[in-house]
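All remarks here apply to the structure that follows.
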Amino acid sequence: MGGKPKSAKPLTAKEQEKKEQEARKKAIEAMWKACKNDRAKDAQKALSSGFPVTYADDEWGHTALHRAAAFGSLSVMRVLFAAGAPLDLKNNAKETPLDTARGLKNELAAKLLEAFAEGKTGDGIGQEEEEEEGSDTDDAPACSDAPSTASMSLPSNCSEPPTAIMAATTIAATQ
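Residue numbers (the working numbering): 1035 to 1209.
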């Protein structure tokens, strides 16, 4: 009683490394959820927590921009681009995020990525639709041809390019 408070024991190098790996894993999981659910604030928080914009998953090589493009998550795409996410990184199927958006017929995501590639901000692309959808964005895909994340299957009106479908199904399955 009344003595000096005990100070926390410093972490060993191994303990520090484990702590950093856990924090990185949490940031990655948070980013994947943000991409799936088009949550810009959550994406920003994941970036602030150490998510590297060039990170690609081991299995498919998807970056956060690939995932956001697959789900049509325009607000997350804007956050990632502003944070310096490269547009030209290819996944294991040799697809850029733009290729992924086009393959899944996510027209607004493709338009936004094209605008970024041209050095434009993409202001106005998809923002009218985002405002109209309001709180319904959790229940509906960003566009009618996007993969259904709830059932992890594709809508009947979606064409089936093999690598794009595999990628979208895998993206949805990992969530």
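Don't be surprised by glycine CBs; every beta carbon is placed ideally from N, CA and C.
query                                                                                                                               : result
Indicate the three-state DSSP secondary structure (helix, strand or coil) for residue 1088 in the structure shown.                  : coil
Three or more C-beta pairs closer than 8 Å, one from the region 1087-1105 and one from the region 1055-1072: is that the case here? : yes
Quick one: Cα of residue 1129 to Cα of residue 1094, how far?                                                                       : 11 Å
Return the residue from the list 1123, 1051, 1043 and 1117 that minimises the CA-CA distance to residue 1097.                       : 1123
How is the alpha helix (DSSP H) around residue 1212 delimited, first residue to last?                                               : It is not possible to answer for residue 1212, since the shown part of the chain is limited to 1035 through 1209.
Just the C-alpha distance for residue 1152 and residue 1074, rounded to the nearest angstrom, thanks.                               : 22 Å
Return the CA-CA distance between residue 1148 and residue 1064, expressed in angstroms with no decimal places.                     : 26 Å
Given a cut-off of 7 Å, decide if residue 1117 and residue 1083 are closer than it, judged by their beta-carbon atoms.              : no
What three-state label does DSSP hand residue 1097 in the structure shown?                                                          : strand
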